[in-house]
Structure formats: structure tokens, C-alpha cells
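Trainee: Below is a structure I'd like to ask you about.
Numbering (the working numbering), first residue to last: 100 to 1021.
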């Protein structure tokens, strides 16, 4: 019959050789990986005896740590020892448990660590990594830990190691927020300031009264401040006040008292209760707190100035300095002490009065709030870094003098001038300096790293990522809330009509209501310019709901990705595009307003004579427009045209195009085009798109044109315009030639608001769509005319090469002598050429980078390599259907949506006046 007994190993002196080897290996590895003194002495005493096999953790934060703890507990419950005992002539089998053997000691060490850290939400990477290293090193000794149990010691240890690896991965993937970084910066600042004050109070002084203080932390020094200058008398300790009375009356003591009595010091070191108490005392008239709060900066700086004068005059009897530092040769050391006090004064203000408020913003608004105030935060962080570096220089210089004049001199037996600090003072000062400035883990190094990390985490470049992540979360939440499964679970009591969450994913659809920064120019915060990184910000042009629904299947990301290209005319207001704004719509609106004020051109309505004649023949292929389409404005369009007079046409594939009857016959109702007319049609294509608010499909079935009179050559890249400019401008200039693209600036008529101005004031501005040729045989030379070009008239005599005087415009006559030669001539002269410049964009505007060449010839768009005029980098074939859509956006913005596969984001801007932006997602 077996009985359960406890198998207690003999004392360590009687352990067998295997157990001794096990204990030696465990002791070596534990000291290598574990820093906690309570866990390092695994081989001594009975501290690591067996404990309960229950979990003992009612609530946890890290599931993998609890799982590892359960593995160890299960192994310990199943681990039994079997041995034989002789009772007279009978042998008895006994089963017992291990209590002090090396394996039990290691299991108890791991259990203690796991129970302590499983409920800790702020577990550090270093702690998990150290325990992972311990378990991994133990797995290298399988022969040292043999086992006869079903679950071996090495098997249990391997499972614990796997859980620790998974926990380490979670710790590494956890994204540290700006609030956490700001809190860490404040915590490290408290440590640095506290140790710096302790060193100034002890290092070069003879204030022996400090030996009676149990601690040199700021909260303890507050208790010893004199009653006359103590801003918190309720925390005063009469015994400590009496002990430190003489020390605070010295010059050095008065400087430390001034630092400790600052309101900013209480903000940094005290809690919320202290803030309320300080406010109550400050409101009381005649209190020390109210007197100190009147002019804290002036009082402290005046005291530093008076102490400096005393030091320079040699009146050092009541200075509190040690004897060696009263010598005339130590004037530099005394000045370093005063500079350190000034640096501490500035640092206390920046941390306790400035950074603490940023921390409150981050606590309330998260990373989004901290990023929105980054224009103010980053200069403050730079100032903090500067003050910390200045404090480091002063304290290191003073510490070097203390070692030379006190410590080393005394060790060499030199006679020192009295009074001298005590050994306890010197030891405390040295320990404070070691913690503050010396070593790779000192407070100063950690604080500098945290400040740089906070600066990086609050960069404005992260704002599109933060907003996009918020929008995606809202979209997914809305999909769940509108699903049938959700309705089935919550029942009919749940509200049926809730506000939409979809708009949160469209950060640039309307101006933000919360503005934490002004619209002054604060700097350039554009996206990184590496081409290999896809731009994470959303496109400027957002398709309407109707268009997105109609093209949902065709634009599926499973088959291809959408790329967009935008043309934008900056003119003389290029710097305005980099304006710092409260939101992306506000930045765009401010840029366009600046362009409208600085340009001298207006967009005039076409005269009645320039409008095409009404068509007399109805289209046989187009269906009859419905009455509803003729009396209401399409919801997808933002236009100033009357609501009446709209007609629609359904083209092949089910796509609907809209046209207003006031603009003349619809494209699908017009007669066929003559070859000699196509040249003028394409020369004025851009002006047509800028003036027209209607969507026209360029389909092969609707290629019709109208015979029109002679048209002006408005192509900014053609040869005729350059020849015309040379004749009209008596003072040709090479710089002016680069600005000829400004002739197409889509300046609005100031007499009435534009769709863009109305959209930015309350409604969302939707893009106007123009179809492009999709068939292989379609080229720019065969495109039909869609509408008369807008008439551009200057308000004042033009001064640029691209703006001829009124009446000096040269008409380009059309010829019908040889249609083939006309088409060939157009292909030669109608190529759009531009020296382009790469640009990136974010919520602050455009940023310009390297220059390249751009060429539009025939049905192809050629983008050349950087700095090359013959090496083509990208070819976009318009006739092959790669150009999906052409959208007319805002004032002078033309967006091309290009359908390409596996492309990364590119951005371009032409010259100084004509900008081209290409954007896509891989």
C-alpha cells in the first residue's frame, strides 16, 4: 500500500553530483539574465521552496504569461517522486513531491516572475526579453535534466519559452502613443531634475544638515522648506524645518529654495490634489504662495543675479560653498553652478508649465490631438532638448571640479581648506550624478531618446495614416451595425435611424470643425519623397456616391488598382500651396483664394455667337431622355447651371452621361467631324473642360463634331503660340517663356460664386467627369469637339509672355486643303511637352522634388527618367483604356484616373506655373 509523503532533499552539502551541477548551471544563467536581486540567489537558503499550485492571479493583462504560468503549475502537479522504503522485512513504495531540488527552485522563480508581471499593463520589452533568454539558454542542457515523468522538465520549459516569445512579439508590436511618450518624458524629467538638485545641494557645499534628511527627493525637501517661503505649509515637517533652517539661509540654499518653491515645480512633481491645494493658497491674499505666484520668473532671476554679484565680489562667507570652492581660481566652477541653476529654472518651466499641457491634450484627443498641435509642440521639444544639453554641460563641468578639488585631492593626502562636506554628502552627490548623467542608462540619455521619439510620433506626416485608420474603423463598424446579424441580435429596440459613420473616413470632404492650429505658414510637412513608399493620404478628388456605386464592380481592387493624375496651375502663388491649415479642405480653399486674388484673368461666359448651332438631326442610337432627367439636376454634379434643361444619354455598358441644353446640342446628337476641324477642337480641349460643368462621354459611337469658325490656338505647348508671343511681346524673355502655361488658369468669375466656393462653405464639391477614348484606334487627332472654349479676357494689360494684349490675339485659321497633311501637322505640333518636377502631397500642400520630362504625343503619355530627355520611365497608353476618367476639379485642377497594375505613387509638377500630379496605390 502506497502512501503520500513529502520527499525532502537533504541539505545542499549532501546533494548528489548531478544536482550540484544543475544548481551551478541555474545559478550562472539566472545571474546572467535576471537583474532583480530577489530572484538572483537561487542556490542559497530556502527562499525558492515549493508553493501553491493554484494560479493566484485573479485578473491578468497578458494572456501568454498566464498560459505559461498554467503550464508550469500543471507540470508541478504531475511531478512526483517514487522511492522504496524498508519496514522490517517488507518493502514499501512511496510517492512524494519535490520541495528543494534545483528544478523546483527554477520553477518557483518562473512562477514568481509570471505572477508579478501577468497583471502589469506596462510590462517592458527588456524584462520579457531577459526571461526569454533564460529559458532559451536552459534548453541547451537536455542531458543535465533527465526525466522519467510523462511531461518532462525540458518539455514544459519549451512551452513556456514559446509563450514568452509570443508575448515578446505583442510587446514589440504594441504602438506607443503620444500620451505614453509624453508621460515618460515627464517622468524622466522628474528624475533628472531631482538628482540635479541633490547634486547642487551636496557636491560643492558644506551643508552638513542634509545628512539628517532621510531622502533628497523633491517631495521630502518640500517638507523642510522654511515656513515663510513654503507654498504648501500643510506638508511642512517642523523637525526637518528646524534642522535645515541654517542651510536654507545660505546663498546656495536660497537658490535651491527658489527652485523648489516655483509653481512649475509643483506641476511637475505633485498630483491633482496638490494643484487644488496650491490654487486655494494662491487665492488667499497675503499667503506665501500668492506672493510667490505674482512674479516667479522675476523673483528667481533677480535672486540668481544677486548671488552672481556676491560670488564675483568675493563675499563667500555665507555662500554655503565648501572651502576649496571659495578660492579665487574657482570662479569658473561657481559660474557653472549658477548656469546649472538657470538651466534647471528653464527646464522646470518647459516641463511643468508647457509639456504638461501637451500631455493633457494627448490624453484627451490621443495621437490625433498631439499631431494637430505639432507645429507648437516640436519647437517646445527642441527648446527642452537645448536646456537639457546645457544642464548636462554645466553639471559635468562642476562634477569634474568636485572630483579634482575634493575627492582626488583628499585621496592624495593634500591639505584641504575647510569647511568640507561629509563623506555621506560626497557619496550621495556621486550617486545622484551617476543616475543623472553617467552611463548609457542615465536619466539624461533616456530623456533625450524619449523626446526624439515623441517628436517622431507626433509628426504631421502621420496624420493621413491616423485619419485613414479612424475612417477604416468607422466604415467596418458601420458595416457591422447595418448587417442583418446585428439587427437579429439586438432586436427591434435598437434605433433604426442613426447618423452615418462613413464621412469619418473622408477626411477631406468638408472643413474640420475642430481647429487646434491657425492657418499661418508654419513650414513644410509634406509626405516623404521616396518613390518606393506609397502615399498613404487619400486622393484629393473623391468620387460621388452615384459614380462609386456604378463602378463598384469595375474598380474592384482584386483585379487592379486605381491611379490618378492631377494638373494644377500654381501661377505666381506657388508658396501659398504650402500653407499650414487646420484641415485639408481649408488648405485647398486658402490656396485657391490666394490664386484668385493674385491672377488678373477671369473666366467669361462664351458669347452666343461662339456657341454651336442647334442640331437638326436627332441621334438614332440614343434613347429619348426621360422627363425627370430634363427637369432636375443630377445629384452627382456641382454646377451653377439651371436645374431645368438637363438631358441624359445611356451609352454602351449602361453608363449615363448628362448634358444641359443651354450649352448647345448634345455630343451624341452632333454631325460627324471633318479632319480639318479636329485640330482646333483639341487645341481648345482644356478650355472646354474648364468651362463646362457637364459630363461628356467620349465614345466611338458619339464621335461627332460641329463645323466652327476660326479658333484661337490655345495650346500652351504648341509652336504657333510661341511664334505669336514673339510678335506680340516686344521684350521677349526666357523666364517669361516658362510661364506660358498660365494662359489656361481657370480663374473664376468674381461676380458669382463657383461650385468650389459653395462646396467648401458647406457642401461637398464633387468632381465633374469627362470620358476619354478607350478604343485602340482612338487618338487625340480624331477626338470630336464637345463645346466652345471659354473666352479668356484680361482685366489689365498683360505683362507675361503668355498673356497678349487685348486685340492682339492671333487667330489660327483652319485649312481644308489637305486633310491628311493637317492631321500630320497636328500630330507634330500638338504634342504636349513640359519639364516636370516631382512632388508629393499631404495635408499641408505640395512639396517639390527632382525635375523630369513629360510628353503627351498621339495617344501616349510618356514620363521620362530623372534628368534624362531620351530614357522613358513610364508609358501610359490612352487608347488602350489605361485612362479611366478625366475629372475637372476646383479652379484649374484636372484629374486623370489611370488604371494600372502594381504601380507606386509618383508626383510631378511642370516648370513654375504648370503642375502635374500623379498618384496611385499599388
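Every residue gets a Cβ at the ideal spot worked out from N, C-alpha and C, and that includes glycine.
Whole alpha helix (DSSP H) runs in the region 267-301 with 4 or more residues, listed along the chain?
Mentor: Runs found: 277-301.
Trainee: Would DSSP call residue 174 helix, strand or coil?
Mentor: Here residue 174 sits in helix by DSSP.
Trainee: Is there contact between the region 348-366 and the region 413-430, where contact requires at least three CB pairs shorter than 8 Å?
Mentor: In short, these stretches touch, since the Cβ pair count reaches three.
Trainee: Give the secondary structure of residue 794 by DSSP, where H, G and I count as helix, E and B as strand, and everything else as coil.
Mentor: A caution first: residue 794 carries a pLDDT of 41, below 50, which makes its placement in the model unreliable, though a value can still be read off. Note: residue 794 maps to coil in three-state DSSP.
Trainee: For residue 279, count neighbouring Cβ atoms within 10 angstroms of its own Cβ and tell me buried if that reaches 16, exposed if not.
Mentor: Per the 10 Å Cβ criterion, buried.
Trainee: I'd like the ranges of any alpha helix (DSSP H) spanning at least 4 consecutive residues and lying wholly in the region 410-497.
Mentor: The qualifying runs are 430-448 and 455-471.
Trainee: Per DSSP, what kind of secondary structure is residue 981 in: helix, strand or coil?
Mentor: Correct three-state label for residue 981: coil.
Trainee: Within this structure, are the beta carbons of residue 168 and residue 125 separated by less than 8 Å?
Mentor: Cβ distance not < 8 Å, so residue 168 and residue 125 don't count as in contact.
Trainee: Whole angstroms is fine: what's the gap from residue 726's alpha carbon to residue 759's?
Mentor: Low per-residue confidence applies at residue 726: pLDDT is 41, beneath 50, and the placement is therefore not dependable enough to give any value.
Trainee: Once DSSP output is grouped into helix, strand and coil, what is the label at residue 950?
Mentor: Three-state DSSP puts residue 950 in a strand.
Trainee: Are the CB atoms of residue 260 and residue 235 nearer to each other than 8 Å?
Mentor: Against a cut-off of 8 Å, the Cβ pair of residue 235 and residue 260 comes out as a contact.
Trainee: Taking only three categories from DSSP, how would you classify residue 255?
Mentor: Correct three-state label for residue 255: helix.
Trainee: Let me make sure I understand the geometry here. Which of 431, 262, 256 and 239 has the alpha-carbon closest to that of residue 217?
Mentor: It is 262.
Trainee: I'd like to confirm the pairing. Which residues does DSSP put opposite residue 755 in its beta bridges?
Mentor: Paired residue(s): 749.
Trainee: Whose CA, out of 539, 573, 469 and 309, lies closest to the CA of residue 521?
Mentor: Closest by alpha carbon: 309.
Trainee: What is the C-beta distance between residue 963 and residue 952, in whole angstroms, given that I count them as a contact (C-beta under 8 Å)?
Mentor: With a Cβ gap of about 4 Å, residue 963 and residue 952 count as contacting.
Trainee: By Cβ distance, which residues of its chain are closer than 6 Å to residue 707, with the 5 residues on each side in sequence left out?
Mentor: Low confidence applies to residue 707: its pLDDT is 41, below 50, so where it sits in the model is not reliable, and the reading given next is rough at best. Cβ neighbours of residue 707 beyond the five flanking positions: none.
Trainee: Between the C-alpha atoms of residue 296 and residue 222, what's the straight-line distance to the nearest angstrom?
Mentor: About 30 Å.
Trainee: Taking the CB atoms as reference points, tell me whether residue 452 and residue 366 lie closer together than 8 Å.
Mentor: Result yes, Cβ atoms of residue 452 and residue 366 sit closer than 8 Å.
Trainee: Quick check on residue 206: buried or exposed, where buried means 16 or more other Cβ atoms within 10 Å of its Cβ?
Mentor: With 16 or more other Cβ atoms within 10 Å, it is buried.
Trainee: Do residue 238 and residue 256 count as a contact pair if the criterion is CB distance below 8 Å?
Mentor: Yes. Within cutoff.
Trainee: Around the C-beta of residue 468, are 16 or more other C-beta atoms found within 10 angstroms, so that it is buried, or is it exposed?
Mentor: Buried, since its Cβ has 16 or more Cβ neighbours within 10 Å.
Trainee: Which residues share a DSSP beta bridge with residue 307?
Mentor: Looking at the DSSP assignment, residue 307 forms no beta bridge with any residue, so it has no partner.
Trainee: For the alpha helix (DSSP H) containing residue 121, name the first residue and the last one.
Mentor: Element bounds for residue 121: 116-132.
Trainee: Quick one: what's residue 956 bridged to in DSSP?
Mentor: Answer by DSSP bridge pairing, in chain order: 959.
Trainee: Taking C-alpha atoms, which residue in 537, 478, 571 and 572 lies nearest to residue 558?
Mentor: Checked all of 537, 478, 571 and 572; the closest Cα to residue 558 is 478.
Trainee: Give a yes or no on contact between the region 305-320 and the region 502-512, applying the rule of three or more CB pairs nearer than 8 Å.
Mentor: These segments do not touch.
Trainee: How would you write the range of the beta strand (DSSP E) that residue 972 sits in, first residue to last?
Mentor: Run containing residue 972: 971-976, per the beta strand (DSSP E) assignment.
Trainee: For a minimum of 4 consecutive residues, which ranges assigned as the alpha helix (DSSP H) are wholly contained in the region 517-549?
Mentor: The qualifying runs are 522-535.
Trainee: Do you know how far the Cα of residue 496 is from the Cα of residue 509?
Mentor: Between residue 509 and residue 496, the C-alpha separation is close to 19 Å.
Trainee: Can you name the residues that DSSP bridges to residue 932?
Mentor: Residue 932 pairs with 954.
Trainee: Using the Cβ count rule (16 or more neighbours within 10 Å means buried), how would you classify residue 463?
Mentor: So residue 463 ends up on the exposed side.
Trainee: Could you tell me whether the Cβ atoms of residue 507 and residue 525 are closer together than 8 Å?
Mentor: In this structure, residue 525 does not lie closer than 8 Å to residue 507 by Cβ.
Trainee: How is residue 822 classed by DSSP in three states: helix, strand or coil?
Mentor: Low confidence applies here, because residue 822 scores a pLDDT of 48, under 50, leaving its location unreliable and the question unanswered by this model.
Trainee: State the CB to CB distance for the pair residue 300 and residue 357, rounded to an integer number of angstroms; the pair is presumed to be in contact (CB under 8 Å).
Mentor: The pair is not a contact, with the Cβ atoms about 13 Å apart (cut-off 8 Å).
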